[in-house]
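The sequence shown runs 1149 to 1507 under my numbering. Data first, discussion second: the structure below is written as structure tokens.
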Amino acid sequence: MTILDIAHLRLHNQAIAPSHLATAGDVVRQLGAVQGQDYLGTLWALGLRRQQAVEADIEQAIANREIVRTWPMRGTLHFVAPEDVRWMLALLTPRIIARAARRYNQLELDEPTFDHSETVFAKALQDGNSLTRPEIMAALEEAGISTKGQRGYHLLWHAAQNGLICFGPRQGKQDTFVWLDDWLPAGKVLNRDESLAELARRYFTGHGPATLQDFIWWSGLLTADARAAVEMVAAELEEVVIDGQTYWLTSTDPVSKDPSPTVYLLPGFDEYLLGYRDRSAVLDPAHNDKIVPGGNGMFKSTIVIDGQVVGTWKRTLRKKSVTIELEPFNALSEAERETIATAAEAYGAFLERMVNFTN
């Protein structure tokens, strides 16, 4: 196996090539979790991995509670399967909360304030009610809890980390929040070791080949816990060494390669990049700054050809159309441009909009 093989196996294991999963729920179960801070981009991340999806299908999956958006890994927004929310939070929240202590102190957020805010949330969201962020902020202010600065965000975040609230379906362009126990049935009950093993199993199934350091980055686990998790499932995994680096995956079966260029237009923050600490198998480090300009944490949408990131793209939405503009790192061949145009049409079909393709 070579470094180039890693990219093709990741495309396959992430259900990008081919897109073969039946539902959005299947996608998040395959990958363990799907990065979710860019809401519209994440709808495409989920849609491109399942069969014949349109954007409305993914939003319906959210409304049907087939996938859930919250803050499990690293305190960052992800979509996960409903049965996984509670055990993931139980495993990962303690370290995340501990790391937020300094920020809480700066914002003058203490346990009595958290307790008070959680009482407000419980009352506001009772009986299956859902509220937008402005409505939740207004409820806190009416209860005498200041939401100035980032206080309101951190009160929501803390309640979600503790498994009290999660995101509901959007109302227009507004996020909504719901009471978790009303929104979701009871999920899996796993002890700590079972949770560690399951997290590793999910990660390497949906992200392999990947390294221990990649798993640490994605999960936010301590090194000792991540290493223990890998050891628990090592018998289920294949281990390969490439250029002195150990990679884990569920199968080393070769992936058939299409002789013509395979092209994917991936959204910003896609798991194909963000799921790994070391992205060099799919992205030349010389181009890192073109994906995350200035290291600002905002990942651009990427053009992927034969597993390699070769440029970025951006969209402009209009009422009935979408304009797609390419920014390749280097000149593209005519065959590559034609295949990218086909990928752009697939994205337009997902949005149910006509495509204006600027190449």
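Virtual Cβ for every residue (Gly too), placed ideally from N, Cα, C.
* To do: Kindly indicate which residue of N1161, R1217, L1191, D1174 has the alpha-carbon position closest to the one of I1206.
  => Checked all of N1161, R1217, L1191, D1174; the closest Cα to I1206 is L1191.
* To do: Entirely within the stretch 1217 to 1257 and at least 4 residues each: give me those alpha helix (DSSP H) ranges in chain order.
  => Within the stretch 1217 to 1257, the runs of alpha helix (DSSP H) at least 4 residues long that lie entirely inside it are, in chain order, 1233 to 1247, 1249 to 1254.
* Asked: Any contact of the stretch 1374 to 1394 with the stretch 1207 to 1224, i.e. 3+ C-beta pairs under 8 Å?
  -> These segments do not touch.
* **Residue of Y1412, P1260, D1263 minimising C-alpha distance to V1457** => Looking from the CA of V1457, the closest CA among Y1412, P1260, D1263 belongs to Y1412.
* Beta-ladder partner(s) of I1210, from DSSP -> Answer is none; I1210 lacks a bridge partner.
* Which of helix, strand or coil does DSSP assign to S1399? -> Note: S1399 maps to coil in three-state DSSP.
* Does DSSP put I1215 in a helix, in a strand, or in coil? -> Coil, per DSSP.
* Asked: Which term fits V1389, buried or exposed, when burial requires 16 or more other beta carbons within 10 angstroms of its beta carbon?
  -> When all chains shown are included, V1389 counts as exposed.
* C-alpha distance - A1286 paired with T1295, whole-angstrom precision -> Roughly 9 Å between the two C-alpha positions.
* **Cβ contact check for the stretch 1270 to 1283 and the stretch 1315 to 1329: 3 or more pairs under 8 Å** => Judged by Cβ distances under 8 Å, the stretch 1270 to 1283 makes contact with the stretch 1315 to 1329, as three or more pairs qualify.
* To do: With distances taken Cα to Cα, identify the nearest neighbour of T1218 among T1171, T1241, R1198.
  => Ranking T1171, T1241, R1198 by Cα distance to T1218 puts T1241 first.
* To do: Check G1443 in the structure and name its three-state DSSP category.
  => Three-state DSSP puts G1443 in a helix.
* **Top-ranked residue by Cα proximity to G1423, from I1151, D1362, V1326** => Check the Cα spacing between G1423 and each of I1151, D1362, V1326: the tightest is with D1362.
* Asked: So what does DSSP say about S1367, is it helix, strand or coil?
  -> Looking at S1367 - three-state DSSP - the assignment turns out to be helix.
* **Three-state secondary structure assigned by DSSP to Y1412** => Three-state DSSP puts Y1412 in a strand.
* Asked: In chain order, which beta strand (DSSP E) runs of at least 3 residues are fully inside the stretch 1310 to 1344?
  -> Uninterrupted beta strand (DSSP E) stretches at least 3 residues long and entirely within the stretch 1310 to 1344 occur at 1313 to 1319, 1322 to 1327, given in chain order.
* Asked: Do R1197 and I1245 have their C-beta atoms within less than 8 Å of each other?
  -> Taking 8 Å as the cut-off, the beta carbon of R1197 is found no closer than this to the beta carbon of I1245.
* D1330 versus H1306, C1314, F1262, Y1395, residue with shortest Cα-Cα distance -> It is C1314 whose Cα lies nearest to the Cα of D1330.
* **Boundaries of the beta strand (DSSP E) in which F1269 is found, first to last residue** => F1269 -> not in any beta strand (DSSP E); alpha helix (DSSP H) instead, spanning 1259 to 1272.
* To do: Could you check if S1449 is buried or exposed, using at least 16 other CB atoms within 10 Å of its CB as the buried criterion?
  => It is buried - the Cβ of S1449 has at least 16 other Cβ atoms within 10 Å.
* Asked: If you run the structure through DSSP and keep just helix, strand and coil, what is F1505?
  -> In the three-state reduction of the DSSP assignment, F1505 falls in the strand class, which pools E and B.
* Asked: In or out: P1441 buried (at least 16 other Cβ within 10 Å) or exposed?
  -> Answer is exposed; the Cβ neighbour count stays below 16.
* Contact check, S1343 vs A1238, beta carbons under 8 Å -> Yes, the pair counts as a contact, with Cβ atoms nearer than the cut-off.
* So what does DSSP say about G1459, is it helix, strand or coil? -> In the structure shown, G1459 sits in a strand (DSSP, three-state: E or B).
* Please confirm if the stretch 1156 to 1175 is in contact with the stretch 1346 to 1356, defined as three or more CB-CB distances below 8 Å between the two stretches. => Contact between the stretch 1156 to 1175 and the stretch 1346 to 1356 is present, because at least three Cβ pairs lie under 8 Å.
* First and last residue of the uninterrupted beta strand (DSSP E) at I1453 -> Going by DSSP, I1453 is part of the beta strand (DSSP E) stretching over 1449 to 1453.
* Per DSSP, the bridge partner or partners of A1358 -> Answer by DSSP bridge pairing, in chain order: W1396.
* Asked: Taking the C-alpha atoms as reference points, what is the distance between P1333 and P1433?
  -> For P1333 and P1433, the distance between alpha carbons rounds to 44 Å.
* Check P1282 in the structure and name its three-state DSSP category. => In the structure shown, P1282 sits in a helix (DSSP, three-state: H, G or I).
* **8 Å CB neighbourhood of G1335 in its chain, flanking five on each side removed** => The beta carbon of G1335 sits closer than 8 Å to those of P1230, E1231, D1232, V1233, R1234, W1235, all from its chain and outside the five residues before and after it, given in chain order.
* Can you grab the Cα-Cα spacing for the pair M1446 / N1436, in whole Å? => Pairing M1446 with N1436, the inter-Cα distance amounts to about 12 Å.
* Asked: Taking the DSSP output, what are the residues bridged to R1198?
  -> Under DSSP, R1198 forms a beta bridge with L1169.
* Asked: What whole-angstrom Cβ distance do L1385 and G1180 have, given they're in contact under 8 Å?
  -> Actually they do not touch by this definition, with Cβ atoms about 14 Å apart.
* Asked: How many Å lie between L1338 and E1259 at the Cα?
  -> Looking at the two C-alpha atoms, the distance is approximately 27 Å.
* Same chain, Cβ closer than 8 Å to D1391, five either side skipped, listed in chain order -> So the list reads I1151, once near-sequence residues are dropped.
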